[in-house]
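In what follows, a single structure is set out as structure tokens and then discussed.
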Amino acid sequence: MLCSIFTSKRHLSFNHILLIFFSLLLLAPWDSASAQVLPADTASAPAAPSWPADSLNRRTPRGTVSGFISAVAQENYDRAARYLHSDPKLRKKRNKQKLAQGLQQLLDQNGSILPYALISDRYEGQMNDNLGPNVDKVGTAILNNESFDIMVESTQDKNGAPLWLFSTQTIERIPLPVEEELVTPLITKILPKVLIEKKWGGVPIGHWIISFFLMFIAYFIAWAVTKALIFILSKVWRKAEQDAQSRIIRAFFRPVQLFLAVWIFVFATEQADISIIVRQRLSSLSVIFYILATLLLIWQLLNAGSNITQRNLAKRGNQAGVSAILFLRRAAKIAMVFVAIIAVLDTFGFNVTTGIAALGIGGIALALGAQKTVENFVGSVTLIADQPVRVGDFCKVGDVVGTVEQIGMRSTQIRTNERTVVTIPNGEFAALKIENFTHRDKFLFAPNFYFKLDSTPEQIRYLLVEMRAVLYAHPKVDAIPARIRFVGVSKDGLKFEVFSYINAVDFDMFLAVQEDVYLYLLDVIKKSGTELARPAQNVYMQPANLADKAMESKIAETVTKWKEQDELQIPDFEEEAIKKLKGTIVYPPEGSSAHKRT
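Laid out in structure tokens, this is it:
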């Protein structure tokens with residue numbers, strides 16, 4: 001019945017997993033002797049002494065509670081009485097069989113016991129419950145409108161081994177005598193006599209019928225509440241069908257529906273005075289459904305979140321990212337299934353410690369055997385998360401320069417300038433130095449010029465001013481921090497150092513702009529009357545050229561005029577001068593076909 005909570009065409013994959021869980025439930029031991037008297041989990045406390053087994057399995061709080069429930073289910077109150085620790089004074093007034101019967105009736109009508117999975121299965125009991133040593137809380141009850149805790153306490157047998165029994169304080173609260181204090185249960189009043197007299201598993205058949213009926217009622221109420229919430233959301237949030245955030249919110253509905261159904265069912269069985277035997281047998285199911293609800297919540301959030309991320313990556317054309325998301329989602333779901341199976345087995349009292357240890361050892365062996373595969377996968381996840389490069393980016397990885405063609409789960413392929421394809425494993429790729437040329441917003445233009453050593457100071461000043469003017473005037477050169485400096489004299493010549501950035505969208509455009517700037521700078525050098533220094537050493541035998549002398553005189557006059565008018569822009573250009581120069585150079589240059597198109 002409760003499995004119908006998951007029936008939806010959108011969750012077929014999850015339904016397959018549910019079949020596994022329900023198969024486990026059907027295979028689980030349901031007879032009172034094996035299902036409720038659970039073996040003590042000695043492996044959970046390996047440091048504890050190895051005590052001899054107790055015939056009634058009273059070494060742990062869980063064993064005591066399950067043994068008592070099993071005994072009263074068989075109506076064996078002599079055995080049930082051996083789980084009680086009563087005061088000798090109280091024992092004289094009533095025999096322990098009556099006490100056991102009274103405790104059962106109290107729990108049937110006004111009490112509850114914790115699910116077995118929440119009761120300690122250690123010799124020493126629960127150590128972090130702030131109740132002190134040798135005492136554990138296992139349930140609650142209400143008597144005369146007063147709530148109190150059902151406790152078990154640790155005693156010792158003749159061998160000094162622990163024996164957990166229902167505490168003296170709990171036994172003293174049992175109404176005395178039973179027949180006078182406890183009222184007729186509600187369920188007994190409404191059920192036909194035949195359903196009360198006929199029993200199954202020590203409980204009237206009517207209790208089982210009402211319990212399964214309450215399952216349907218609880219599910220229907222939970223379904224109606226969640227449907228109402230969805231309806232309200234659709235009315236208040238007009239974009240609920242399309243909004244990605246609403247998918248995250250909707251992922252909560254089915255888990256909340258299951259949580260709510262379980263809570264309503266547990267509450268209803270207590271209010272209807274369903275036998276504690278039935279409720280305890282169904283308590284493991286309640287815990288399992290809480291586990292399934294938690295699993296479903298994580299499952300739904302994982303689906304919603306991964307689908308949103310997958311669509312975003314697909315829009316950007318990141319197919320490697322999509323593949324990684326799909327792989328991670330599958331891996332997470334497999335891990336969730338293993339965790340859920342372990343939790344379910346632990347709920348039924350199976351020793352899962354050995355299984356977990358085996359999985360850990362197997363995982364280590366698998367990791368060692370697939371070390372490179374794991375390394376490459378982690379590298380691909382790193383590339384997808386950090387995105388130092390994308391498909392189509394021109395980059396340098398190590399000593400490989402080229403365009404990224406594919407980023408896969410194992411390796412990345414780069415097309416080099418020689419048109420060869422280099423494949424680099426992602427583990428190695430992520431560890432290398434990666435230089436991405438595609439996303440740079442500017443291109444560095446920083447050549448060095450060497451001029452003849454016999455250039456005059458006036459020519460140097462002229463070159464500094466006019467070459468700077470070219471950088472400031474060109475529309476594709478960033479004026480800040482463009483600069484040209486005379487940085488020194490060497491055997492190679494007078495060194496001019498250029499530092500500037502060219503605004504270009506790609507490398508081809510940068511080369512075109514750089515070419516244009518070079519030509520303007522060469523025009524300035526030509527006008528200055530000096531020349532670039534030649535790499536070879538020259539011995540000048542002929543007298544100076546008259547034309548060069550005339551050019552030198554003209555440059556000297558120009559520099560002198562700048563000085564007289566206080567317009568020599570050295571060491572730096574004034575901001576007003578830079579603003580006037582900006583854009584005065586035409587690019588593309590006049591007379592070119594590119595300029596004609598503009």
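Counting along the sequence shown from 1, when you hit position 570 you're at 570 in the UniProt record's numbering, and nothing is skipped either side. Don't be surprised by glycine CBs; every beta carbon is placed ideally from N, CA and C. Keep in mind the model is a prediction, meaning the values are calculated, not measured.
With 16 other Cβ atoms within 10 Å as the buried cut-off, status of residue i
i           : result
Q156        : exposed
P61         : buried
H85         : buried
L581        : buried
Q105        : buried
R316        : exposed
K579        : exposed
Q459        : buried
V37         : In this prediction, V37 has a pLDDT of 37, which is less than 50 and means its spatial position is unreliable; nothing more can be read from the coordinates.
H439        : exposed
S55         : exposed
W208        : buried
F507        : exposed
A222        : buried
F68         : buried
E75         : exposed
Q271        : exposed
A261        : buried
G529        : buried
T423        : exposed
D41         : Because the pLDDT at D41 is just 43, under 50, the model does not fix this residue reliably, and the value given afterwards should be weighed accordingly. By the neighbour-count rule (16 or more Cβ atoms within 10 Å), D41 is buried.
S234        : exposed
residue 646 : No information on residue 646 is available, as it lies outside the stretch 1 to 598 that the chain covers here.
G63         : buried
Delimiting residues of the beta strand (DSSP E) encompassing residue i
i           : result
E574        : From DSSP, E574 is part of no beta strand (DSSP E); its letter is neither H nor E.
residue 599 : Because the chain in this structure spans residues 1 to 598, residue 599 falls outside the shown range and cannot be described.
I288        : From DSSP, I288 is part of no beta strand (DSSP E) but of the alpha helix (DSSP H) over 276 to 315.
T140        : 135 to 143
E497        : 493 to 502
E590        : Element bounds for E590: n/a, residue is neither H nor E.
R485        : 477 to 490
V163        : First, the residue type needs correcting, since residue 163 is Leu and not Val in the sequence shown. Unbroken beta strand (DSSP E) run through L163: 162 to 166.
P425        : 421 to 425
Y116        : From DSSP, Y116 is part of no beta strand (DSSP E); its letter is neither H nor E.
Three-state class that DSSP yields for residue i in the structure shown
i    : result
L182 : Any reading at L182 must be qualified, since the residue scores a pLDDT of 48, below 50, and its modelled position is unreliable; the value itself is stated next. The answer is coil: DSSP assigns L182 none of H, G, I, E or B.
Y83  : coil
S70  : helix
M127 : coil
L27  : Only weak support is given to the placement of L27: the predicted model assigns it a pLDDT of 39, under 50, and the question is left unresolved by the model.
E435 : strand
V344 : helix
G111 : strand
T416 : strand
T155 : strand
K98  : helix
E567 : coil
S411 : strand
E531 : coil
N76  : coil
Proximity test, residue i beta-carbon vs the ligand GTP heavy atom, cut-off 8 Å
i    : result
E405 : This structure simply doesn't include the ligand GTP, nor any ligand for that matter.
Beta-carbon proximity check, residue i vs residue j, cutoff 9 Å
i    : j    : result
L296 : L326 : no
N312 : T382 : no
I150 : L107 : yes
E428 : C395 : no
Q569 : A577 : yes
T269 : L285 : no
I264 : I217 : yes
R59  : L163 : yes
R461 : V401 : no
Y116 : S66  : yes
P204 : G102 : no
Enclosing alpha helix (DSSP H) for residue i [first to last residue]
i    : result
Y219 : 205 to 236
Q509 : Note that residue 509 corresponds to Met in the displayed sequence, not to Gln. Taken as a continuous stretch (DSSP letters only), the alpha helix (DSSP H) holding M509 covers 507 to 528.
F265 : 253 to 271
I174 : From DSSP, I174 is part of no alpha helix (DSSP H); its letter is neither H nor E.
CB contact check: residue i to chain B, cutoff 9 Å
i    : result
T226 : Although the question refers to chain B, the structure presented lacks it and comprises just one protein chain.
Task: Sufficient close CB pairs (3 or more, under 8 Å) joining the stretch 477 to 491 to the stretch 409 to 426 - done: no
Open item on the list: Across the stretch 488 to 498 and the stretch 440 to 453, are there enough close Cβ pairs to call them in contact, namely three or more that are closer than 8 Å?
Closed with: yes
TODO: Check whether the stretch 457 to 471 touches the stretch 516 to 536, counting contact only when three or more Cβ pairs, one atom from each stretch, lie closer than 8 Å.
DONE: yes
Open item on the list: Check whether the stretch 331 to 339 and the stretch 377 to 390 touch, using three or more Cβ-Cβ pairs below 8 Å as the test.
Closed with: No, the stretch 331 to 339 does not touch the stretch 377 to 390.
Open item on the list: Closer than 8 Å is the cut-off here; do at least three beta carbon pairs connect the stretch 293 to 308 with the stretch 122 to 134?
Closed with: These segments do not touch.
Open item on the list: For the pair the stretch 399 to 412 and the stretch 374 to 381, tell me if three or more CB-CB distances fall below 8 Å.
Closed with: yes
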